[in-house]
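Read in order, the letters of the sequence shown correspond to residues -17 to -1, 1 to 500 in mature numbering (1 follows the signal peptide of the UniProt record, and there is no 0). Glycine residues also receive a C-beta, built at the ideal position from the N, C-alpha and C atoms. Quick caveat, the model's predicted, so the values are computed rather than measured. The structure appears below as structure tokens.
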Amino acid sequence: MALILFAGLCAADSAKAASYVNPNQVYSYERMTYDMKVLARKYPSIVQYRSLGKTPYGREIWAIKLGKGDATVFYNSSHHAREWLTTNLVMEMIDQYSEAYMAKRTFEGYNVQSVLNNTSIWFVPMVNPDGVTLQQKGLNAFPKSIHSKLIKMNNGSRNFKRWKANAQGIDLNRQYPANWDSLSRNSSVKSPSFKNFSGYRPLQAVEAQKIAQFTAFVDPEITISYHTSGRILYWHFKNKPQFIDRDRRIAEAYGRMSRYTLVKPSSNPSGGGYKDWFIQTYNRPGLTPELSYGVYETNPPISVFNEEWKRNRKAALYVAAEGDKLWEAKVSDANYNITTFEKVPLYDRPNTSHKTKLTLNPAYVKVTGTYKDYLRIGTTYGPKWIKKGYYINGTYKKISMPILLTEKTQLHSMPFTAKAGTYINPQTVKAVKSYNGWYAIQTVNGEKWIKPVNAVLNFNPVEANEQAVITTAVDWYDYPHTTKKRAVQLQPQTVTVKQVWGTWRYVTAAEGEGWIK
């Protein structure tokens, strides 16, 4: 999936702050697509979008990312065709929150910059664009060759205002593998229909497949699946006992905020829904708020939007803040600095599937958290992750020191690395950095690190040209180091001293040249 990048408010002002989305209209797929691209252009630092793939009739299933954080939550809307008012709601959220972020304003008491710097809210505003288009525009939006098939699935009617399914007559919110066999077996609808057909197998519909796959990619801490109608809130599907208190707390807070009534958990829930599958699969909180007062077999009227906005306008910020708490509980706190030595890729989250096109050049950076084999660092793009690997804790010391290498020495790209490198022969080199017994030197291939053995540090001999008399046999050496003694001694004679290094003398004798003490 290619991510497309274009590079608070008080309650009384919140409905006026941004004007790129007009939620008080029949909100079509085309309008949503246009508004999404406008928002991405207007707020390139925090709004990005991608396509999850196309529906059977070629409409993109769009996903929109709002925020920079590594914690994630996921909102989806319009699983059901006639419930497109939920798309209006989430698009207005993106519009309003983005404006508040850029204006550095609070929104309903939330510091939007703080929330969106820590958490990314993912939206799929229209899960079912084919179904929504059929419900809003009727047969003319589809090829004539399938009109008779659509009419048949609609029980002979040309009025599609009650349409709930996708364009193949599959109810997308009965497609998820959570008690699906029982749901399908007990359903009275056994073939494609305008509503309630659960398909011939779970995740049969491409739209449901894409949402399930995208959920695995986002790996959200909390999901919200908006539906209509009734102003009720589903939050339970066979939740494990150890998670009940957590999930109920979040649901009750959401219920108080929206003034939706929590649905009492059932001992025998029907299943098949996105929320059901998410809770069962991820053991995390999943909510299904039903917008609007109850309406029968059609979409809620546009006139209800303002009331639903009042009830839900801060909902995604609350969910994002709660999602961040859940995520941070999984991340090990850290507060130390490291130095990297190679250009490395940055990740939005500690997972290979979240690799970005951004890279970190060799740098001294602060680590704020760890998770498995990844380190979290702060960047101008928000928190990012790097893989554990070629770095050191703290940093090196800059020096200027000559070192006499007395043995063949391997070159490394950084300290402590086991990566194979080339070797240099014994010679005098200049060290420009040091770290725990490692030294950086300049080579024809750039800066390299060495861990010298039997080397002479600060080697800076003084040139000489004088005669000296050796009266007894002495040991002599290849280099001014006690480990480099030759097998034979230097016999008594007069020698020429060429260099002096502490107590060492480099001499020319009848037998050749070498070091003596």
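Euclidean distance between Cα positions of residue i and residue j
i: Thr405; j: Trp368; result: 31 Å
i: Glu325; j: Ser383; result: 23 Å
i: Met85; j: Leu387; result: 58 Å
i: His337; j: Asp53; result: 10 Å
i: Ile453; j: Val439; result: 25 Å
i: Gln118; j: Asn320; result: 56 Å
i: Glu75; j: Ser286; result: 15 Å
i: Tyr265; j: Lys258; result: 10 Å
i: Lys413; j: Lys500; result: 25 Å
i: Asn138; j: Ser11; result: 24 Å
i: Ile129; j: Gly92; result: 51 Å
i: Tyr374; j: Ala423; result: 14 Å
i: Ser165; j: Pro252; result: 10 Å
i: Leu309; j: Glu204; result: 7 Å
i: Pro284; j: Leu72; result: 13 Å
i: Val471; j: Val490; result: 15 Å
i: Asp461; j: Gln410; result: 12 Å
i: Gly238; j: Ile153; result: 30 Å
i: Arg24; j: Gly114; result: 28 Å
i: Gln187; j: Trp163; result: 12 Å
i: Lys467; j: Thr479; result: 21 Å
i: Ser34; j: Glu43; result: 6 Å
Proximity of residue i and residue j at Cβ, strictly below 8 Å
i: Phe197; j: Ala46; result: yes
i: Lys51; j: Tyr330; result: no
i: Asn149; j: Asn123; result: no
i: Ala317; j: Gly254; result: no
i: Phe180; j: Ser171; result: no
i: Lys431; j: Trp421; result: no
i: Glu273; j: Ile215; result: yes
i: Arg242; j: Arg294; result: yes
i: Thr55; j: Ser103; result: yes
i: Tyr354; j: Lys381; result: no
i: Ala236; j: Tyr279; result: no
i: Val201; j: Trp105; result: yes
i: Arg65; j: Trp146; result: yes
i: Thr206; j: Phe261; result: yes
Selection from the options that minimises the alpha carbon distance to residue i
i: Val327; options: Thr389, Phe143 and Leu341; result: Leu341
i: Ile194; options: Gln393, Pro385 and Gly36; result: Gly36
i: Glu311; options: Met397, Thr479, Lys481 and Gly352; result: Gly352
i: Gly377; options: Thr322, Lys173 and Tyr354; result: Thr322
i: Asn101; options: Arg359, Lys135, Val457 and Gln118; result: Arg359
i: Phe442; options: Gln474, Gln482 and Ala456; result: Gln482
i: Pro108; options: Asn94, Lys25, Pro345 and Val4; result: Val4
i: Pro333; options: Lys371, Gly139 and Ala83; result: Lys371
i: Glu496; options: Trp459, Lys467, Ala470 and Thr466; result: Trp459
i: Gly256; options: Asn419, Met19, Ser60 and Ala298; result: Ser60
i: Glu390; options: His464, Asp307, Glu290 and Thr455; result: His464
i: His395; options: Ala234, Pro385 and Thr426; result: Thr426
Beta-bridge pairing of residue i - partner residues as DSSP gives them
i: Phe177; result: The partner list for Phe177 (beta bridge, DSSP) is empty, contrary to what the question assumes.
i: Val439; result: Leu387
i: Lys343; result: First, the amino acid is wrong: residue 343 is Leu here, not Lys. Val327.
i: Val21; result: Answer by DSSP bridge pairing: none, since Val21 is not bridged.
i: His395; result: Trp432
i: Ser34; result: Trp45
i: Pro272; result: Leu216
i: Tyr357; result: Tyr354 and Lys370
i: Arg184; result: Paired residue(s): none; Arg184 is not in a bridge.
i: Ile207; result: Tyr58 and Leu270
i: Phe143; result: In DSSP, Phe143 forms no bridge with anything.
i: Gln476; result: Ile453
i: Trp487; result: Trp484
i: Trp498; result: Tyr460 and Tyr489
i: Lys338; result: Tyr330
i: Phe106; result: Ile47 and Tyr58
With 16 other Cβ atoms within 10 Å as the buried cut-off, status of residue i
i: Leu212; result: The residue asked about is misnamed: residue 212 is Ser in this sequence, not Leu. It counts as buried.
i: Lys144; result: exposed
i: Gln96; result: buried
i: Thr271; result: buried
i: Thr116; result: buried
i: Pro39; result: exposed
i: Gly485; result: exposed
i: Ser208; result: buried
i: Gln474; result: exposed
i: Gly269; result: buried
i: Gln158; result: buried
i: Gln79; result: buried
i: Asn156; result: buried
i: Lys48; result: buried
i: Asn428; result: exposed
i: Asp307; result: buried
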